[in-house]
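For reference, the structure discussed in these notes is given below.
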Amino acid sequence: MEDNKPKYEVFVVNTAQYYTLHTKKFGMRKKWQAINPNEVLSIIPGTVLDIFVQTGQKVEEGQPLLKYEAMKMETTVDMPFAGIIKEILVAIGDRIKKDQVMILIEEE
Amino acid sequence: MSLKRNILDLRRRKKEAQQGGGEAAIGKQVAMGKKTARERIKAILDDNSFHEYDLFVEHTGKDFDMEKKVLHGDGVIIGTGTMYNQPVCIYAQDFTVAGGSLGLMHARKITKIMGLALKMRVPIIGINDSGGARIQEGVNSLAGYGEIFYRNTEASGVIPQLSVILGPCAGGAVYSPALTDFVFVVENISKMFITGPGVIKTVLGEEISMEELGGALVHSEITGNAHFYALSEDECFEQIKKLISFIPWNNTQKALRFPMQAPTFPVSIEDIVPSDPHYPYDIRDIIKAISDSSDFFEVMELFARNIVIGFGRIAGNTVGFVANQPMYLAGVLDCDSSDKAARFIRYCDAFNIPIVTLEDMPGYLPGVDQEHAGVIRHGAKLLYAYSEATVPKVTVIIRKAYGGGYIAMNSRHLGADFVYAWPTAEIAVMGPEGAANIVFRKEIDEAENPAEMRKQKIQEYKAKFANPFVAASKGYIDEVIEPLETRARLIHALEISENKVDKRPAKKHGIPPF
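So the sequences go chain by chain: U and D.
Counting in the numbering used here, the first sequence runs from 195 upward without gaps.
Counting in the numbering used here, the second sequence runs from 49 upward without gaps.
Take a look at the structure:
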């Protein structure tokens with residue numbers, strides 16, 4: 195029985211180290227990342243229909259940034275706070291994934 | 049003479065209807081590696097015990113030229129038969145007839161046999177193999193699904209409900225199995241999902257195969273929708289027969305009693321657990337070492353493997369085992385394992401099956417994903433299920449019983465009838481490493497050699513608290529036992545608990561953290 199011992203992983207619970215196996219689902223979990231307020235993310239996958247701003251432009255809070263189509267619906271993404279457009283990372287017609295960074299913004 | 053003619057006419061009609069979708073469709077079914085609906089029923093029930101009803105039922109569709117079509121039995125076979133010479137109700141969707149699609153009369157046949165099963169207090173087995181709602185029948189087919197769900201809920205906790213997924217089961221159809229007690233799936237044959245790969249691709253641009261999205265393995269390992277995974281239909285039928293042998297026919301009865309058999313597990317129970325508490329072992333070996341014939345029938349083997357659930361027998365009577373599994377994720381509790389164990393405990397409680405809990409867990413799984421996935425409400429299910437259960441409840445603490453996990457794993461405080469601990473048990477608020485860091489923080493920080501001091505304090509804490517005797521001194525543990533005494537103690541505890549009465553306040557129902 196000792197010969198075919200599985201390869202254990204080190205697993206820490208309350209600072210104690212345990213030797214154990216991981217499950218497939220445990221391996222599939224996503225690492226949490228803090229939300230960066232300067233990234234404008236897509237909420238669901240879709241296609242970019244229109245972009246209303248340019249790099250370097252000063253934008254007011256609530257002003258529309260771009261429009262994209264997802265789930266057969268058009269969604270407009272607005273500026274969350276007054277600031278400047280730092281970089282536009284998508285182009286009209288691009289297919290975007292969920293949680294993709296579309297525009298980088300910055301507070302003035 | 050005319051009587052003979054009528055009989056021959058009946059035989060001809062029966063033969064024709066029993067052809068289902070006809071030879072070509074049956075050929076296709078077989079080519080997909082699937083058995084026909086009739087073969088499946090035959091394979092599950094005792095030989096020659098099947099009686100079919102509603103063979104001549106016709107569909108009521110009137111639109112899209114449906115009135116011109118003959119659909120034998122409307123795509124589903126219903127009837128009664130026996131398993132272990134005890135009556136059961138069964139239905140099987142027939143994919144060869146209009147893809148097993150569910151129309152109003154198809155659904156009415158299913159609800160008819162479900163109603164019969166409930167009235168007669170016998171198990172119902174449903175074999176699912178259907179393309180989904182019969183679009184031509186519109187809202188009538190939706191009505192059919194709704195009426196099935198209503199009866200599933202009505203029968204829940206009264207009679208055993210088994211769902212066998214032997215083909216596609218998509219859209220609304222998935223919710224009948226989800227409402228039943230046990231779901232069986234077979235590799236390459238079972239497919240379950242709400243929205244299929246086609247829709248997902250069109251709407252979200254995500255490409256995925258049917259097997260990856262909702263195949264047998266996915267539902268056994270990832271979603272937790274399925275309870276039993278088999279590589280072939282034949283293996284699946286054996287699993288059904290085995291499960292049926294462990295459970296009672298309804299909620300007023302006890303499971304079939306078998307003659308007591310000694311365990312046959314080749315390793316001594318004293319040699320299974322490593323002496324170093326940081327090393328794992330397979331908790332199923334302990335279950336086998338204390339069960340009759342070492343026969344353990346695991347439920348949801350591949351899902352949330354950090355907890356093990358399943359049926360075995362002790363002194364000939366069925367018990368439900370719930371056991372932390374140090375082999376996976378060190379046996380921690382998390383969202384999935386709490387959910388898995390809680391539902392099983394409620395099953396056992398509803399069907400008069402005593403619960404034996406084996407405990408060896410270091411705590412809850414740490415992580416943002418767990419907290420955000422709701423480990424608070426999922427973990428609470430376990431507390432609720434144990435506290436609510438009035439069947440005999442026995443706990444054996446093998447090794448670690450730390451913190452919230454100590455409480456959750458059927459502790460005395462949640463109403464355990466008997467709590468035993470092995471001398472290796474460590475019952476404490478947390479493991480010695482974590483506890484020493486907090487309790488002796490000042491001494492460790494101020495020491496000349498903090499690492500050395502920490503080691504020393506861990507030892508000190510270990511000696512004082514990492515044992516079963518503190519809990520035993522408060523009466524939280526009834527007895528500290530030697531591993532070899534475990535089976536005898538369980539036999540006695542279950543014998544004493546045979547006529548247990550535990551009355552709770554009258555209520556319509558509780559509000560568990562679903």
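Idealized CB from N, CA, C, for every residue including glycine.
Given the structure is predicted, the values throughout are model-derived calculations rather than measurements.
Quick check on residue i - is its C-beta less than 8 Å from some C-beta in chain U?
i: Y329 of chain D; result: no
i: H267 of chain D; result: no
i: M153 of chain D; result: no
i: N354 of chain D; result: yes
i: I161 of chain D; result: no
i: I270 of chain D; result: yes
If the cut is a Cβ gap below 7 Å, which residues of chain D does residue i touch?
i: M265 of chain U; result: V251
What's the call for residue i, buried or exposed, on a 16-neighbour Cβ count within 10 Å?
i: S405 of chain D; result: In the sequence under discussion, the amino acid at residue 405 of chain D is Thr, which differs from the Ser named in the question. So T405 of chain D ends up on the buried side.
i: E196 of chain U; result: At E196 of chain U the pLDDT is 48, less than 50, meaning the model places this residue with poor confidence and gives no usable figure here.
i: G70 of chain D; result: exposed
i: F562 of chain D; result: exposed
i: G287 of chain U; result: exposed
i: E269 of chain D; result: buried
i: T249 of chain U; result: exposed
i: V233 of chain D; result: buried
i: W470 of chain D; result: buried
i: W297 of chain D; result: buried
i: V367 of chain D; result: buried
i: E185 of chain D; result: buried
i: H461 of chain D; result: exposed
i: N273 of chain D; result: buried
i: A511 of chain D; result: exposed
i: S257 of chain D; result: exposed
i: R156 of chain D; result: buried
i: H275 of chain D; result: buried
i: N133 of chain D; result: exposed
List the residues of chain U whose Cβ lies closer than 7 Å to the Cβ of residue i, in chain order.
i: V416 of chain D; result: W226
i: A378 of chain D; result: F205, V207, Y212 and T214
i: P374 of chain D; result: T214
Can you name the residues of chain U whose CB is closer than 9 Å to the CB of residue i?
i: G482 of chain D; result: V207, N208, T209 and A210
Just grab the DSSP bridge partners of residue i for me.
i: S211 of chain D; result: D:G174 and D:V231
i: A264 of chain U; result: U:M267
i: K116 of chain D; result: Its beta-bridge partners do not exist; DSSP assigns none.
i: L235 of chain U; result: U:V295
i: L150 of chain D; result: D:A181
i: T300 of chain D; result: The partner list for T300 of chain D (beta bridge, DSSP) is empty, contrary to what the question assumes.
i: I445 of chain D; result: D:E407 and D:A469
i: H99 of chain D; result: D:T128
i: Q141 of chain D; result: D:V124
i: M375 of chain D; result: DSSP output for M375 of chain D lists no bridge partner at all.
i: A520 of chain D; result: None, per the DSSP bridge assignment.
Output yes if chain D places a C-beta closer than 8 Å to the C-beta of residue i; else output no.
i: E196 of chain U; result: Summary for E196 of chain U: the model assigns pLDDT 48, below 50, so the residue's position carries little reliability, and this model does not support an answer.
i: K219 of chain U; result: yes
i: Y262 of chain U; result: no
Apart from the five residues just before and just after residue i, which ones in its own chain have a Cβ nearer than 8 Å to its Cβ?
i: Y202 of chain U; result: Y213, T214 and L215
i: G220 of chain D; result: G180, A181, L190 and Y193
i: E281 of chain D; result: K82, K83, R88, A91, L214, V234 and I237
Residues of chain U with CB closer than 8 Å to the CB of residue i, please, in chain order.
i: P410 of chain D; result: V207, N208, A210 and Y212
i: H326 of chain D; result: A210, Q211, Y212 and Y213
List, in order along the chain, the chain D residues whose C-beta lies closer than 9 Å to that of residue i?
i: P239 of chain U; result: V251, L252, G253 and E254
Can you list, in chain order, the residues of its chain whose CB lies under 6 Å from that of residue i, leaving out five sequence neighbours each side?
i: I320 of chain D; result: Y329, D333 and I334
i: L261 of chain D; result: F241 and P245
i: D177 of chain D; result: Q141, F143, G148, L214 and G215
i: I559 of chain D; result: none
Can you list, in chain order, the residues of its chain whose CB lies under 7 Å from that of residue i, leaving out five sequence neighbours each side?
i: F285 of chain D; result: A91 and I92
i: E233 of chain U; result: V295 and L298
i: H540 of chain D; result: none
i: T201 of chain D; result: L227
i: F488 of chain D; result: K505
i: A476 of chain D; result: Y450, A483, F513 and A514
i: T312 of chain D; result: S341 and S342
Near-chain B residues of the stretch 469–501 of chain D (beta-carbon distance less than 7 Å), N- to C-terminal order: As a matter of chain content, chain B is missing from the structure shown, whose protein chains are U and D.
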